[in-house]
Structure formats: structure tokens, C-alpha cells
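Protein chains in written order, with my numbering: chain B, 12 to 479; chain Z, 426 to 523. Here a beta-carbon is modelled for each residue, glycine too, at the ideal position from N, C-alpha and C. None of these values were measured; they are calculated from a predicted model. What follows is a short report on a single structure.
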Amino acid sequence: MNVLSTNAVEVGYLVAAVCFILALKGLSSPRTARRGNLVGAAGAAIALLVTFFAEGSHFEHIPLILLAIVVGTAIAVPAARQVRMTAMPQLVALFNGVGGGAAAIVALMELNRLSGAISAGADKDWGNQAAIAFTVLVGSVSFAGSVVTFLKLQEIMTTRPVVLPGAAPLLIVGMAASVVLGLGVFGTGSLALGLVLLVVGLLLGVMMVLPVGGADVPIVISLLNAFTGLTVAAGGFVLHNTLLLVAGTLVGASGTILTRLMAAAMGRSVMGVMFGALRGGSTAGSTAVSDRPVKSVSPEDVAILLGYARKVIVVPGYGLAVAQAQHTIRELAELLEARGIEVLYAIHPVAGRMPGHMNVLLAEANVPYEALKEMDEVNPEFKTADVVLVVGANDVVNPAARTDPKAPIYGMPILEVSEAQQVIFLKRSMRPGFAGIENELLYDPATSLLFGDAKESLTKVVGAVKSL
Amino acid sequence: MSGVALLAIFVLAVFVGFEVVSKVSTTLHTPLMSGANAIHGIILVGAVIVSGEARTGWELAVGLFATVLATVNLVGGFVVTDRMLEMFKGRSLQGGRR
Numbered sequence: 012m013n014v015l016s017t018n019a020v021e022v023g024y025l026v027a028a029v030c031f032i033l034a035l036k037g038l039s040s041p042r043t044a045r046r047g048n049l050v051g052a053a054g055a056a057i058a059l060l061v062t063f064f065a066e067g068s069h070f071e072h073i074p075l076i077l078l079a080i081v082v083g084t085a086i087a088v089p090a091a092r093q094v095r096m097t098a099m100p101q102l103v104a105l106f107n108g109v110g111g112g113a114a115a116i117v118a119l120m121e122l123n124r125l126s127g128a129i130s131a132g133a134d135k136d137w138g139n140q141a142a143i144a145f146t147v148l149v150g151s152v153s154f155a156g157s158v159v160t161f162l163k164l165q166e167i168m169t170t171r172p173v174v175l176p177g178a179a180p181l182l183i184v185g186m187a188a189s190v191v192l193g194l195g196v197f198g199t200g201s202l203a204l205g206l207v208l209l210v211v212g213l214l215l216g217v218m219m220v221l222p223v224g225g226a227d228v229p230i231v232i233s234l235l236n237a238f239t240g241l242t243v244a245a246g247g248f249v250l251h252n253t254l255l256l257v258a259g260t261l262v263g264a265s266g267t268i269l270t271r272l273m274a275a276a277m278g279r280s281v282m283g284v285m286f287g288a289l290r291g292g293s294t295a296g297s298t299a300v301s302d303r304p305v306k307s308v309s310p311e312d313v314a315i316l317l318g319y320a321r322k323v324i325v326v327p328g329y330g331l332a333v334a335q336a337q338h339t340i341r342e343l344a345e346l347l348e349a350r351g352i353e354v355l356y357a358i359h360p361v362a363g364r365m366p367g368h369m370n371v372l373l374a375e376a377n378v379p380y381e382a383l384k385e386m387d388e389v390n391p392e393f394k395t396a397d398v399v400l401v402v403g404a405n406d407v408v409n410p411a412a413r414t415d416p417k418a419p420i421y422g423m424p425i426l427e428v429s430e431a432q433q434v435i436f437l438k439r440s441m442r443p444g445f446a447g448i449e450n451e452l453l454y455d456p457a458t459s460l461l462f463g464d465a466k467e468s469l470t471k472v473v474g475a476v477k478s479l
Numbered sequence: 426m427s428g429v430a431l432l433a434i435f436v437l438a439v440f441v442g443f444e445v446v447s448k449v450s451t452t453l454h455t456p457l458m459s460g461a462n463a464i465h466g467i468i469l470v471g472a473v474i475v476s477g478e479a480r481t482g483w484e485l486a487v488g489l490f491a492t493v494l495a496t497v498n499l500v501g502g503f504v505v506t507d508r509m510l511e512m513f514k515g516r517s518l519q520g521g522r523r
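Written out as C-alpha cells, the structure is:
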């Protein structure tokens, strides 16, 4: 449409880049988070408009491009609006993957143009060829890796680490091959080599994520998110587009920090998450169900324990979210409070599937914000609690994190529920938690178990408390 | 723009990226990751540019495919982040006031 001069376009991109910085800044604080996100979206809209009206853009394909954007929106909006909040982490992983895939394709198309120009006698463009190689490789790793994290979180495939025979040497071979191919693309600008690099990148992405255990997957999503950011930044080099460069770099840098923060919250190192299973260190634990005796109780027993307590702490976990029992637990808490009992919620940083996931889920059920206590705040409270009610959580209260150096969760800070007088677990079965290890606490004499779906169990307990 | 100028922008952006998220409570890790995820969907601009420059039908088809993927990343990312944050609305302000 050739309306905007190059300078005007650059100014538009600058405005968009500032919007993205403000978006990340806003997202770092609860008060400004939502506004921050909207500022980011506005920045993206500005950038897109400016691109369409840029001078020198010979866009005879604009109607088709707009159609493609409409199609993408029609796919994305219903998915983002309708997904259950429990399934949200894997949706974010998918969104991240397609972004990486798009960047890899964009780079391949530039390579196609470049290799055509080179065979027509043009000079090689070394910087561009290096950036293209990087974008294709990391973009395809991010795409394939994200798909595997999706399959793991959706439990389409096992959440346990998958270590194929010879996985470690294969991974090294794959990495070496990708470096050689990357150098090949850099040196020759050949499209064929670029396509082989794409395939190797996809395989490498799968190989890197397969050995990661289910509980660590959120860290990998965050890492792949940073990868995609860097891919987009390299895409900015390729297209000489400052906005892609700045936005991608921002995400790459902030994503790296966020990945380290997440890993720290779980007591893990990023290297340990990625390569621990290959070294054979972190796959200890078994899925076998032990037949040791446990104390199984009825909803009425639970009601009596709760109804005559002075202080109750609820530990909500992913099981609560899956059963959609957020509203029932709130009803129970309100009943207990009406009896003069103090009720707190203990939120582990990684309760649910991702840091902060449980806060989102409970906020959805209108649980008062002030009753939600973070781990450091609530751990001293367990000593004075009469009853701890663990609903669908397991790994975050597993003492193995402190006592068993072989456990995959060793070193992760936990909620110290064993300090309380009584612990009640609401569980579906004796199946181990997401990390795939047994919980000694289940066999403790002070522990009672109420088996069944979290929502049904809680509904029965609510009924029993009412009739006390 | 020269490669060196682009490199300078890259280095400065790295520092900005490190700075803006250095202090975040765990409560916001998930929305922040999701928001950052949406921002790299701006590769849509790149997909639009290469689609616009396509000369053959094959190039156009691949470019449009990348455009669809990038749109899913960009639009879906912002919408899902907004949905997460919608649930904090008011509640966090209330907590802050007391």
C-alpha cells in the first residue's frame, strides 16, 4: 500500500518495542499484570498495521495474508477461551511451539531467496546465512520439543522420563550433526542443507525433551519459550527487522531468567532437568503400588476431625483442580469458619503444574486472596495446626524431598505438613504423584486417607460437617 | 541497517530483558511466561513480510502457513494470558489495601 516511509515504519516498530518492554514490566507485578498484557497486544497490533502500510512492500498477496491471519485467529481464540484452566500449561506449550515453527519457516524462505540469488551470481551474505542456520535449528528444536511437552502434559504419552537405549550418545551425535549442518548452511547458503538441518532440529527437539520427567516439564516449557524468543531475534537479523530483533531478545533474556527462577523454586538446576535422566541419576522411584497398610477413613470421620479442630490448613493440588473441586473446598472452608475454625490454604510454588498455577485456579473459584498463604509464610503454621487436609497433592508434601537424595524431587522445598497433629489425604488411589515416587507420609500413624474423587469426597465431607 | 548496529541493539535488549523480570513473585511466573510467549508471536510480522515477497505459488503457500502458525502464537498467547489475569482482577488490589 506504500503509505509509510521507512522512517515512519521504524518509528512504529520502536513504539511497538517499547510496548513490549512495558508489557513485561507490567506482567511482573500483580497490580499491573493485566494492563501489561493489553499493552503488549496493542504493541503487536501497531507493528502489524505498520508492516501492512510500509513503503516498498509489494504486497499483491494482502487479501490472502489477511485470510491467513483470520484463520489463525479463528483457531487460537476459541482454544484460548475454552481450554480448562487445568490444561492451560500444555496450550501455552503448543502456542510456543508454533511460534518457533513459524520462525524456522520464515528463515527457510529467506534461505530459498538467498540461495537463488547466490546461484544467480550474487555475493554470499555471511551474517545472514549464520542467522538463518541458527533460526532454522533452534526454531525446529523449539517446535518439536514443545509438541513432546504437550503430549506429556496432556498425558497422551507417559509423564515419566523416557530414556531410549543409547539416548545419550544419540543426543551427542544429533548435536554434532546439527552443528556441522549449521556450519554448512552458513558456508554455502544451500537450501537443501537448510532442509536437512530442519529435520535434524526436529529430531533433536524430541530427543532433548523425552528424558525429562513430568514434574520438570514446566521448566522445559519456559526454556523452550526462551529458545523461541532467541529464534525470533535471529529472524530479526535475517530480515533486518529491528522489532523482531528487540522483541525476540527481550523474550529470550527474560525467559532465561524466568527458567532459572522456576528451577530454583523447585530446587532443581536447569542442567539437571535437561540431562539428569540421561546420566541415570534422577529416575529413581517406582510406579509400583506398595501393599503396606494405610489408615483409610470415612467422610464422617474426616468431618469430625475437621469440625472439632481449631486450625485447619488446606493443601490444594492438581487433583483438586482436575476434579473441579475448587468451589466445594471453598464451601467446606466457609462451613468450618462459621464454626469458628481458622482455615488457611497452603500454596506450594509449583502446586498444580506450573508456578502460580494453583493461585489462578483458586482465584477462579473466588477463594479469598488473603487466605492463600505462600510456602515460606505457611510452613511455621503447620506446628500449630490441628488438621492438614491435603486435596489431590502429593509431591509437594513428600518428605522424600528432604530425606532421600536419590529421589527426583530431592532438594525441592516442601510444605512441612508432617508437623501438624493430623494429616488427611484426599486421594483417588495409592498411585504415586506426578514425579512418580512413593510418599512415606501416607503410611505415617498420624495420617488418614479418604479415597475417591476429590469433589465427591469433599461433597460428602461437607454434608457430614453440616450434620455435626 | 548494518550487522554491527543490529548486534548493538541485540546486546542492549538482552540487558533490558534481564532487568524487567528480575523480581517476580512465583504467583506471576505462569502469566509472565505466557505473556512473553505471546510477545515472540510477533514473528507474525516476519511471516507477513516473506509472504508478501513470495514470487511462486509454492512460496506463497509456505509463507501463508507460517502466517497462520504465527497468528496462533500471537493471538492465542495474549488471549490466554488475559484469561489467566482476569482471575486476579480486583482480588489482588483488595489484598493490597488491607
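1. What residue range is occupied by the uninterrupted beta strand (DSSP E) comprising residue 459 of chain B?
2. Shorter than 7 angstroms, the distance from the beta carbon of residue 456 of chain B to the closest heavy atom of the ligand ZN, or not?
3. Name the chain B residues whose beta carbon is nearer than 7 angstroms to that of residue 472 of chain Z?
4. What is the DSSP secondary structure of residue 504 of chain Z, reduced to helix, strand or coil?
5. Rounded to whole angstroms, what's the CA-CA distance from residue 109 of chain B to residue 495 of chain Z? Just pull it up for me.
6. Assuming residue 232 of chain B is part of the beta strand (DSSP E), what are its boundary residues?
7. My output table needs one value for residue 14 of chain B: the three-state DSSP class, helix, strand or coil.
8. What residue range does the alpha helix (DSSP H) around residue 324 of chain B cover?
9. Could you tell me whether the Cβ atoms of residue 225 of chain B and residue 152 of chain B are closer together than 8 angstroms?
10. Leaving out five residues on either side along the sequence, give the residues of the same chain with a beta carbon under 6 angstroms from the beta carbon of residue 294 of chain B.
11. Would residue 463 of chain Z pass as an interface residue toward chain B - the criterion being a Cβ-Cβ separation below 8 angstroms?
12. When we look at the beta-carbon of residue 436 of chain B and count the other beta-carbons within 10 Å, is it buried (16 or more) or exposed?
13. Let me know the secondary structure DSSP gives residue 306 of chain B once reduced to three states.
14. Check whether chain Z comes within 8 angstroms of residue 64 of chain B, counting only Cβ atoms and requiring the distance to be less than that.
15. Can you tell me the Cα-Cα spacing of residue 105 of chain B and residue 387 of chain B, whole angstroms?
16. So for residue 494 of chain Z, helix, strand or coil by DSSP?
17. Please give the ranges of any alpha helix (DSSP H) in the segment 377-430 of chain B, keeping only runs that are unbroken, at least 4 residues long and fully inside the region.
18. Taking residue 329 of chain B as the reference, give the member of B:257, B:99, B:36 with the closest Cα.
19. What residues are listed by DSSP as bridge partners for residue 433 of chain B?
20. Please name the residue in B:365, B:170, B:14 whose C-alpha comes closest to that of residue 453 of chain Z.
21. How many angstroms separate the CA atom of residue 208 of chain B from the CA atom of residue 93 of chain B?
22. Based on Cα-Cα distance, which residue from B:202, B:157, B:122 lies nearest to residue 232 of chain B?
23. Would you list the residues sitting across from residue 356 of chain B in a DSSP beta bridge?
24. Please identify the residue among B:307, B:393, B:87, B:337 whose C-alpha is closest to the C-alpha of residue 440 of chain B.
25. Distance, Cα to Cα, residue 449 of chain Z vs residue 248 of chain B?
26. Thinking C-beta only, is residue 459 of chain Z closer than 8 angstroms to residue 502 of chain Z?
27. Tell me whether residue 115 of chain B sits in a helix, a strand or coil according to DSSP, three-state version.
28. Please state the DSSP three-state secondary structure of residue 438 of chain B.
29. For residue 225 of chain B, return the contacting residues in chain Z, with the cut-off set at a CB-CB distance below 8 angstroms.
30. Would DSSP call residue 299 of chain B helix, strand or coil?
31. Under 9 angstroms, CB to CB, which of the residues in the segment 481-494 of chain Z have a partner in chain B?
32. Considering just the uninterrupted stretch of the alpha helix (DSSP H) at residue 462 of chain Z, what are its terminal residues?
33. Grab the span of the alpha helix (DSSP H) containing residue 340 of chain B for me, first residue to last.
34. Between the Cα of residue 223 of chain B and the Cα atoms of B:179, B:284, B:257, B:242, which residue gives the shortest distance?
35. Could you work out which residue in B:23, B:107, B:41, B:28 is closest to residue 240 of chain B when comparing CA atoms only?
36. Starting from residue 65 of chain B, follow its DSSP beta bridges and name the residues at the other end.
According to the data block:
1. 458-462
2. The ligand ZN is absent from the structure shown, which contains no ligands of any kind.
3. 113, 117
4. helix
5. 7 angstroms
6. Segment 228-250 is the alpha helix (DSSP H) holding residue 232 of chain B; no beta strand (DSSP E) there.
7. coil
8. It is not in any alpha helix (DSSP H) - residue 324 of chain B instead sits in the beta strand (DSSP E) that spans 322-327.
9. no
10. A caution first: residue 294 of chain B carries a pLDDT of 42, below 50, which makes its placement in the model too unreliable to give a value.
11. yes
12. buried
13. Correct three-state label for residue 306 of chain B: coil.
14. no
15. 33 angstroms
16. helix
17. 386-389, 411-414
18. Of B:257, B:99, B:36, the residue nearest in Cα terms is B:99.
19. In DSSP, residue 433 of chain B forms a bridge with B:398.
20. B:365
21. When rounded, the distance between both Cα atoms is 36 angstroms.
22. B:157
23. B:325, B:383
24. For residue 440 of chain B, the nearest C-alpha among the options comes from B:307.
25. CA-to-CA, the gap between residue 449 of chain Z and residue 248 of chain B works out to about 30 angstroms.
26. yes
27. helix
28. strand
29. By Cβ distance, chain Z contributes nothing, its closest Cβ being about 17 angstroms from residue 225 of chain B, past 8 angstroms.
30. Residue placement at residue 299 of chain B cannot be trusted, given a pLDDT of 48 that sits under 50; the coordinates are not used to answer.
31. 484, 485, 487, 488, 489, 490, 491, 492, 493, 494
32. 454-464
33. 337-349
34. B:284
35. B:107
36. B:15
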